[in-house]
Every structure is written in structure tokens, then in C-alpha cells.
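Each remark here refers to the structure printed beneath this line.
Numbering (the numbering used here), first residue to last: 234 to 478.
What follows is the structure, given as C-alpha cells:
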């Protein structure tokens, strides 16, 4: 992709795509079977990129960077460089899985508590007839080498890396070159939603871009992490004002 198709939000370059365009690009990457990976940063990850060179390198190494959080959409608008569309990572993943099912492609799920990846795989295969399981592995491992070996034995078309941010981004950055996989996606808590152990926000919250608020209501311990959002917006406003002077 050319630089003109990228929108920078506080140093993180997002691909300026619609959902259809993003899925088409992911399909191309998966078909090349090169182990490319996709990241879906929200404001918290953008702030982590500003604070950590390691996280910044991991996010920058992605072949596709899509705007998951509504805060990213607001930030891009404030900077007068609007993005075409918000692309929730879970919706993007579902759209790709639908297309994969039609072609009989395989998915490997990495992450979650013991047993959760198995549940997620079972539910996805039931939801998308034609989709094949390439295997599962929980997220409670210390050594990546056996996990990489297990994934390579399956050579899946898609590897969902659900280790939580920024751990999953750093894991993909460190291991992508050694993996025999079509495409990797940092899918975070999607594994719990796919498994049915966590409920996604009601559609109204999704439509209004308030899924983060719904999660906060259900998991108040996230309040400290959510404070990154106003910090992010203040940084965006400062960036805009300093640029316009």
C-alpha cells in the first residue's frame, strides 16, 4: 500500500480502508501464506506505542493496521485526516472467517484460559460450515518454541492470536517469520466471545461505538486502563493545535 493510503494518528499509521477493502486485503495476504500479521490498535495501544519502543516496533511491523477503537476515529477527525470507517477487530475477523469457510480454509486459535480455545473452535466451526480447525493452544505457555512447532505442523490459513494487547502484538512480531501460517490476527478477547464465555456488548452499544463503556460496566477493574482514552484525546488535540500554529 502506498503512504497516501495511510493515516497517522499519534505516530501509528492506520490503513485507510472500508470493511470490504480490509477483508479483501487480508484475503490477499492470507492467500500469499507469508505469515503476515494484522493489528487492530485502540487508543490504549497507540499510547503504549508512544511509551514503548518495543510495542511501537511490533505494531509497525504489521502488514495491515486497522482502526478498532472509536477513539481512533475521533482522533483522526480531530487531526483533519478522517478514516473511512471504524473496523472493529471482531467484526473484521468474522467477515474473514465467513469467506474462509466458503473455501474450506483452516483456523488455529491461540490464547485464552485452558479449554476456552477449544470451545471457541467448536462454536466457530458450527457457525461457519466449511471452516476447518487447524488446532488450538491456550495462552498459558512460557516457551513459544513448542507452540510455534505445533502451529507449523498444522500450517493453518489463519492464526488468531488472542493473548491480549500488547502481548499479542509483540508475540506476532517476534514469531511471525518462523510461522508456517497464512495470516495472523491479533484478536484479543475475541476468543472469549467466540467461546461464549463472554457476551459482546448489545448492538446499540456497538452502533454507538460504546463497547468500551459496556466492558467497563461489566469489568470495573478496567477503569485505570480506560484513563488512557482522555489522555489520548488530549495528546491528539495538542498535536492538532501545535500543527496548526
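Even glycine gets a Cβ: it sits at the ideal position worked out from N, Cα and C.
Residue i versus residue j - alpha carbon distance
i	j	result
residue 442	residue 353	25 angstroms
residue 235	residue 241	Legend: pLDDT at residue 235 = 42, less than 50; position of this residue unreliable, no value from coordinates given.
residue 364	residue 471	47 angstroms
residue 393	residue 238	25 angstroms
residue 380	residue 313	43 angstroms
residue 183	residue 254	The requested residue 183 does not occur in the structure, where the chain is confined to residues 234 to 478.
residue 337	residue 463	43 angstroms
residue 355	residue 269	25 angstroms
residue 297	residue 280	19 angstroms
residue 319	residue 402	20 angstroms
residue 408	residue 427	24 angstroms
residue 389	residue 404	17 angstroms
residue 368	residue 351	8 angstroms
residue 417	residue 477	38 angstroms
residue 278	residue 399	7 angstroms
residue 387	residue 308	40 angstroms
residue 289	residue 406	11 angstroms
Assigned exposure category for residue i - 16 Cβ within 10 Å defines buried
i	result
residue 469	buried
residue 474	exposed
residue 385	exposed
residue 345	buried
residue 274	buried
residue 326	buried
residue 301	buried
Rounded Cβ spacing between residue i and residue j (contact assumed at less than 8 angstroms)
i	j	result
residue 250	residue 317	6 angstroms
residue 276	residue 461	6 angstroms
Residues bridged to residue i [DSSP beta-bridge criterion]
i	result
residue 248	239
residue 365	339
residue 316	None; residue 316 has no bridge partner.
residue 344	395
residue 297	271
Start and end residues, alpha helix (DSSP H) containing residue i
i	result
residue 470	461-477
residue 358	349-360
residue 437	436-440
residue 425	423-428
residue 375	First-last for residue 375: undefined, no H or E at that position.
residue 304	303-311
Residue i, enclosing beta strand (DSSP E) - first and last residue
i	result
residue 416	416-419
residue 393	391-395
residue 270	269-272
Residue i Cβ short of 7 angstroms to the ligand NAD heavy atom set
i	result
residue 396	The ligand NAD is not part of this structure, which contains no ligands at all.
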